[in-house]
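Colleague: Sharing a structure, written as structure tokens. Questions coming.
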Amino acid sequence: MESGNTILNATSLVNRIRGVKETENLSDIDDYISRLKREKLTKTVVLVGVTTSSVAAGAIETKSAIENYIAERELDIDIVEVGSNGLCSFEPLMDVQIPGKSRIVFRNVKANDVPFILDGTLNNYLPPDNVVGQYRSQLHQPWMGIPFLDEIAFFKGQSRDILALSGIISPASIEEYIAFGGYSAFTMAISRLTLEDVCNTIEKSGLRGRGGGGFNTGQKWKMALAETANQKYFVCNADESDPGAFMHRLMMESNPHQIIEGIAIASYAIGASKAYLYTRNRYSITVQRLENAIQQAYNAGLLGHNILDSGFSLEIILRKGPGAYVCGEETALISSLEGKRGAPTLKPPFPTQKGLFGKPTVVNNVETIANIPLILRKGAENFALKGTEKSKGTKLFSVSGKVNITCLVEVPLGVSISTLVELAQGVPKGRKLKAIQMGGPSGGCTVPEKMNTPIDFETLKAEGLAMGSGGITVLDDTVCIIDTIKFFINFIQYESCGKCIPCREGSRRMYEILESITRRPVNDEGHNTLERFKGIILLESLAEVMRDTSLCGLGQTAPNPVLSALKSFREEFEEHIFDRKCAASVCRNLRTFYIDVDKCTGCSACAKKCPTNAIIGTPRSPYFVVEEKCIGCGVCETTCKFGAVFFK
Amino acid sequence: MNFNIEVNGKTIQVRKGDTILVALFRNGIKVPTLCSMKGLSPTGACRICVVEVEGVSGLVTSCSNVVEDGMKINTHSPRVVKARKTLLELLLSNHPDDCLYCERNGDCELQNLSVELNIRERRISGRKIRHKLDLSSPGVVRDPAKCILCGRCIRVCDEIQSVSTLEFTGRGSKTHVGTTMNRDLNFSTCIACGQCVMVCPTGALHEHSNIDEVQDSISNKSLTTIVQYAPAVTVSLAETFGLKPGKDINGLIVSALRKIGFKYVFDTSFAADLAIMEAATELNERINLGVNLPVLSSCCPAWVRYIEQFYPELLPNLSTTKSPQQIMGAIIKSYFANEAKINHGNIYSVSIMPCLAKKNESQRVEMTSKGVFDVDVVLSTRELVRLIKLNGIDLDNIEPQQADSPFGIRSSAGKLFAASGGTTEGIMRTLHFLRTGKEMTSPKINELRLVTSVKEVSIAMGKELVNVTVVSGLTDIEKLIATVKEGKSNAHFIEVMACSGGCISGGGQPFGAVEKEAKARARSLYEIDDVETIKVAHKNAQVQEIYDKQLEKPGSEKAKKLLHAKYLKGKSLE
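For the record, the sequence lines run as chains R and H. Numbering-wise, the numbering used here puts 290 at position 290 of the first sequence, and it's gapless, one number per residue. To get the numbering used here, take the position in the second sequence, counting from 1, and add 648.
In structure tokens, the structure reads:
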């Protein structure tokens, strides 16, 4: 960006926030900032949300459709890639901002919708089906008849601090982040605050680790700060891998600089000159944005040697993990960073004493880190305003499963579970909410009756639930609970590092028990009712031993889904064991097929395909299924051309 | 510093810094363990050693947690016992259950623990995992189905032996112990030292047994079966037969071997004398010429393989002298075959060794002549015990006998090969004679008999000093090799034995022997040396005879052909 003779860039912005007098004209810089914030526009901007989830929904095609649209008509319009505002079900999202007018958000913009929407918008007609709402801004003229975003239930019910800039700014631009106040906390910290000051502020804010354990972050930092060592490390755990959790990925893809700034502050606070950002190789967009962000921060002099002449040096190294669930556990993550097998090691010594390469190390997750710049910028007291007495601040939740809108939301801690379901606009029409699974594979299920439970560390723990990292899966009556926990236990037994017996063997045995419940007896001996019943009793005792003796959190919490399901859905287990029925018809091996006498033409196609010869009859008259022989494979159903086969 | 803790309601005094397990052990309280092992770092993998600590929510592994002042521990509360039992039942749930046929039947830690924890019913049954039996290595067999993933083999391979062939691979219930790229053991970096076998609590690692072959050959009338036994074997068997640990039962073993049906019984210590002659001559030459120093010993096949595998650039330094086993094998099938007028193809040569790497060594191409193996088959000490029991031989009721001539006489220098430092001691005695023309005033070199992993000694030979370094166990070998490679080592001769303590603690020795037994074995060897009249190899009349009759002199062309080998770069790492 040129202005007069000087080039305006991130460095000038950094100088501006630091109050360094440079040759640039101050008003030029302020002008530059307002342009970056899109307060003043000279031409129309189209902003497309490009994140992992929107790419799956077709954002890349949408973007090229927009490019084609502009090129064909030779329009002077900028296209900017932005992140996600959390409305994943509405992706691809497209925002349009015409000079002087408010920025407007469109939903589900498929490639072939682009000409229609843009044609309309550029001519002051908004296609009503696709409009989500408009941004509120004093500087711009609002569109008539279009709701403001902060009036829409989805945004109204949230308290967006960490996500404040997600979906608004370009993740590829450090300038935009700085224009919105970014890196001011870091530059302030390294120029004016001591290490203890930063730790104290964070401790005072009451911020607790968002990774599940809920340990006070400031205290953790102080433990590492108190250690004497010639080298300390800060590690940001960005290896998000709970099934159904996508908070961190969207966050990093939407606003990577907030994470980089958080890491920089945290490293300063504990006296670490090297920080590792451990993410996953598979998260290609995340990796690309983080790499870009780190490079930009280096270029702007915000990372590297003797940052802004403060005497503080920091190197951030991005590590792309091979993708193992257990590497979310801090000691396993450290082993992986060291180049070893990702398996947890014994605690004590804790990483704050002896972590990466034997040096004091603090491991925080992405969300914890994302809070840091905000706390420093707005003050610990401000942070503590939200949340409950012991659980302060806001928390990200990704809500998915059987909901109307799969979304990422940020709410103050202490809101009820039902708030989250309401934000996601509940279960699809005509269905009944059955359960809510919280805290990933090692979390627990809660029933609709407990929906008013406030979400905070203590209450959830007392309820036998876990906050985990914030993945919420909503289950309705089309879901079989046993099938769901079987999925989670299968995940655990597959992802266990295999080091300790309770986790490795225990989870595998649990899976086998659940498998035997969800299948018909293979032969007359094996899986009879008594065996299956004994399996359930065994599940409970195995769960207790796993919790008591496992080496790391993965194994200790692995039995949670089983225990909570046994508590809340015992009838469903009994139904599977004694009646061999799955009410939701999900456990396919428990289905029994029947032939509709009226529809069957007696073609014998199903009987020929049946692997167990369970279908008998004479040609040209209706066939029958012998229940005892049926293994529920469903081949007959797919074979029948007349729709005569059905199951109960 | 000492303080008190409360265990099961009783106050005991413990030392600061001790783990709970050690503290309890010192006070006579036993907690079962599986993965924990003295000398290896604790990993807390098996969780069997859990105890209940007041104020801690979960159970605590005693192997890895340190005692704290005022701790209240319960080692056998119902909760703890239930947890231990369940853990063991989980381990057994997919175990192959073929104990009756297992290599470790009766000698298995898992079996013993099941007895101890009173497991009498299969409460948990799991799907058995099918694993491939790895029979590729002549020395070590791996049966992953029996593996309980305690990780001892991995730790001994990495922490003690610095080889790091084994590591956990796979995830979750598919975790197994494997080598790089899941290669079979013989195609990995394994040096076959057998230390993993010694620490394995189950039958997942065991020697490649050759007992059946040996029995078949003994009963084959057209073959002349000849056996040789290693110096370490005679002092390692006593406790297995209820005798005093370390007692030398040389005569009884010879007698037992004859009873088993071997036609000739030779003592490998004789070949050790020959090895001394060759190695001392070689060393003397290299010192005189000042080339390829320091000379690295070559009598330990695991060490030879280690060098070939990891440091092929040091191969020129390796002594070319074959190991005593192979020297004996070579002369049996040439010199002895001529003397006794037996076709060398009809000789079946067996050797009994405290070692599994010897099984690999005997199968090397370099160890053949005209396509015939110098040594046909190697049995470990453990296999000898089985063979003795199988033949119903009662050691209490047999008379000791002498080994056969012409290879029945040995000097005590040859016998010392069994212990770390012994090889060097034997070579130095002869080297002294070669360099000065005089015998050493006192042949006993006490510094070489210390129980440390690295011994550096300078020995006066006339006016000059010969520096030797003796290493046993490969723990610190990398450092030593670094000094050699940088040219900073002033040693003339470096003796390396892959197993700590030398052959008396080899990978083929009876299970369950600990430091105490190893010390007793070494003591027994030194006692033999004290009372022996022939203390140096060059005074062994039969050794002189073989040189006179066939080999001319040490280091001659003929000797080189028969008693020396060329070692090649290993390919496993490529």
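Where is the CB? At the ideal position from N, CA and C, for every residue including glycine.
Does DSSP put K720/H in a helix, a strand or coil?
Modeller: strand
Colleague: Give me, in chain order, the residues of the same chain whose beta-carbon lies closer than 8 Å to that of E458/R; leave out the 5 immediate sequence neighbours on both sides.
Modeller: These residues qualify, in order along the chain: K390 and S391.
Colleague: Rounding to the nearest angstrom, what Cα-Cα distance links K1217/H and K970/H in this structure?
Modeller: Going from the Cα of K1217/H to the Cα of K970/H covers about 17 Å.
Colleague: Identify each residue in the region 221-255 of chain R for which the Cβ-Cβ distance to at least one residue of chain H is less than 8 Å, and report them in chain order.
Modeller: For the region 221-255 of chain R, no residue has a beta-carbon sitting nearer than 8 Å to a beta-carbon of chain H.
Colleague: Is V326/R helix, strand or coil by DSSP?
Modeller: helix
Colleague: Among the candidates E987/H, I1142/H, N868/H and F1159/H, whose CA atom is the shortest distance from the CA of G640/H?
Modeller: Outside the displayed range of chain H (649 to 1222) lies residue 640/H, so it cannot be described from this structure.
Colleague: Please confirm if the region 1104-1121 of chain H is in contact with the region 765-776 of chain H, defined as three or more CB-CB distances below 8 Å between the two stretches.
Modeller: no
Colleague: Determine the chain R residues that contact E815/H at a beta-carbon separation under 8 Å, and present them in chain order.
Modeller: Going along chain R in sequence order, the residues near E815/H (Cβ under 8 Å) are R341.
Colleague: Classify I808/H as helix, strand or coil using the three-state DSSP reduction.
Modeller: It is helical.
Colleague: Can you name the residues of chain R whose CB is closer than 7 Å to the CB of T681/H?
Modeller: Neighbours of T681/H on chain R: none; closest Cβ ~13 Å, over 7 Å.
Colleague: Throw me the rounded Cβ distance for the E637/R and F593/R pair, which I believe falls under 8 Å.
Modeller: 6 Å
Colleague: Does the region 800-816 of chain H come close enough to the region 671-689 of chain H to have 3 or more Cβ pairs within less than 8 Å?
Modeller: yes
Colleague: For a cutoff of 7 Å on Cβ pairs, would you count S1068/H as touching chain R?
Modeller: no
Colleague: Let me confirm a value: P348/R is counted as buried when at least 16 other C-beta atoms fall within 10 Å, else exposed. Which label applies?
Modeller: exposed
Colleague: Please return the same chain residues whose Cβ sits closer than 8 Å to the Cβ of N237/R, not counting the five positions on each side in sequence.
Modeller: G211, Y278, G328, E330, L333, V363, N364, N365 and V366
Colleague: What residues in its chain sit with their C-beta under 7 Å from that of C948/H, if we drop five residues either side in the sequence?
Modeller: Answer for C948/H: V1144, M1145 and A1146, listed in chain order.
Colleague: On the three-pair Cβ rule with 8 Å, is the region 1206-1216 of chain H touching the region 959-968 of chain H?
Modeller: yes
Colleague: In chain R, which residues lie less than 8 Å from G818/H when you measure between Cβ atoms?
Modeller: G498
Colleague: Relative to chain R, which residues along the region 649-682 of chain H have a C-beta separation below 9 Å, given in chain order?
Modeller: Residues of the region 649-682 of chain H with a C-beta atom less than 9 Å from some C-beta of chain R are L682, listed in chain order.
Colleague: When the Cα atoms are used, what is the spatial distance from N994/H to K869/H?
Modeller: 10 Å
Colleague: With DSSP as the reference, please indicate the residues paired to V474/R in a beta bridge.
Modeller: G401/R and I436/R
Colleague: Measure the C-alpha to C-alpha separation of D596/R and T518/R and round it to an integer number of angstroms.
Modeller: When the Cα atoms are used, D596/R and T518/R turn out to be separated by approximately 26 Å.
Colleague: Where does the unbroken alpha helix (DSSP H) through A189/R begin, and where does it stop?
Modeller: A189/R -> alpha helix (DSSP H) spans S184 to R192.
Colleague: The beta strand (DSSP E) that contains F106/R, what's its start and end?
Modeller: I104 to F106
Colleague: When you compare only the Cα positions, how much space is there between R1030/H and T882/H?
Modeller: Each residue's alpha carbon lies about 12 Å from the other.
Colleague: Which residues of chain R have a Cβ atom closer than 8 Å to the Cβ of A693/H, listed in chain order?
Modeller: K499, C500, I501 and L551
Colleague: Residues in the region 763-780 of chain H with C-beta within 8 Å of chain R's C-beta atoms, listed in sequence order?
Modeller: Those residues of the region 763-780 of chain H that come within reach of chain R (Cβ to Cβ, closer than 8 Å) are R771, I772, G774 and R775.
Colleague: Please go through the same chain and pick out, in chain order, the residues whose beta-carbon is closer than 7 Å to the beta-carbon of S170/R, but skip the five residues on each side of it.
Modeller: The answer, listed in chain order, is V80, E81, V82 and E176.
Colleague: So with CB distances below 7 Å, who are the chain R contacts of A731/H?
Modeller: V545, D548 and T549
Colleague: Tell whether a beta-carbon distance below 7 Å holds between V105/R and G133/R.
Modeller: Yes, the pair counts as a contact, with Cβ atoms nearer than the cut-off.
Colleague: For the alpha helix (DSSP H) that T286/R lies in, which residues bound it at each end?
Modeller: S284 to N299
Colleague: Return the chain-ordered ranges of every alpha helix (DSSP H) run that is complete within the region 557-637 of chain R and spans a minimum of 4 residues.
Modeller: Listed in chain order, the complete alpha helix (DSSP H) runs (minimum 4 residues) inside the region 557-637 of chain R are 560-568, 570-574 and 605-609.
Colleague: Okay, do the region 556-564 of chain R and the region 442-452 of chain R touch, 3+ Cβ pairs below 8 Å being the bar?
Modeller: yes
Colleague: Put R280/R into one of helix, strand or coil per three-state DSSP.
Modeller: strand
Colleague: Applying the criterion that 16 or more other CB atoms from any shown protein chain within 10 Å of the CB defines a buried residue, is N1045/H buried or exposed?
Modeller: Answer is exposed; the Cβ neighbour count stays below 16.
Colleague: By the criterion of Cβ-Cβ separation under 9 Å, what are the contact partners of S398/R in chain H?
Modeller: Going along chain H, no residue has its Cβ under 9 Å from S398/R, so there is no contact; the nearest lies around 25 Å.
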